[in-house]
Amino acid sequence: MNREVRIVGASTFEERIAAVLAIEQHGERTEHIVHSVKYKDKHYTVEVHVFKTIVAEIVKKREFKLQGMQAKDMELG
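Just so you know, full-length UniProt numbering puts 15 at position 15 of the sequence shown, and the rest follows in order with no gaps.
Below you can see the structure in the form of structure tokens.
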């Protein structure tokens, strides 16, 4: 099946290649999967979503959201 491919967050050629490799690993599975890809001795983390389009996003930094009491403690300082 032909689908439009969108690569998000890739600022270098190597990141775009890593995203394409992750899409190839992902195949036609419809679930959201985080792939670890090695290209030119460097590891990349790529999130792949398959909908009507295929979206591959380079993960540069993960932000963890605090929930419940942890968030209140942070607000109170």
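Glycine is no exception: its CB is placed at the ideal position from the N, C-alpha and C atoms.
**Report entry** Collapsed DSSP secondary structure at H26 in the structure displayed
**Finding:** helix
Query raised in the report: Straight-line CA distance for V37 to N2?
Result: 23 angstroms
Query raised in the report: For V59, which option in H35, E31, V5 has the closest C-alpha, if you only look at C-alpha atoms?
Result: When only C-alpha atoms are compared, the closest one is H35.
Requested in this report: Using the Cα positions of K42 and A18, report the straight-line distance between them to the nearest angstrom.
Outcome: 10 angstroms
Query raised in the report: Do the CB positions of V50 and T30 come within less than 7 angstroms of each other?
Result: yes
Query raised in the report: For the beta strand (DSSP E) that residue 116 lies in, which residues bound it at each end?
Result: What the structure shows of the chain is the stretch from 1 to 77, and residue 116 is not part of that stretch, so it cannot be assessed.
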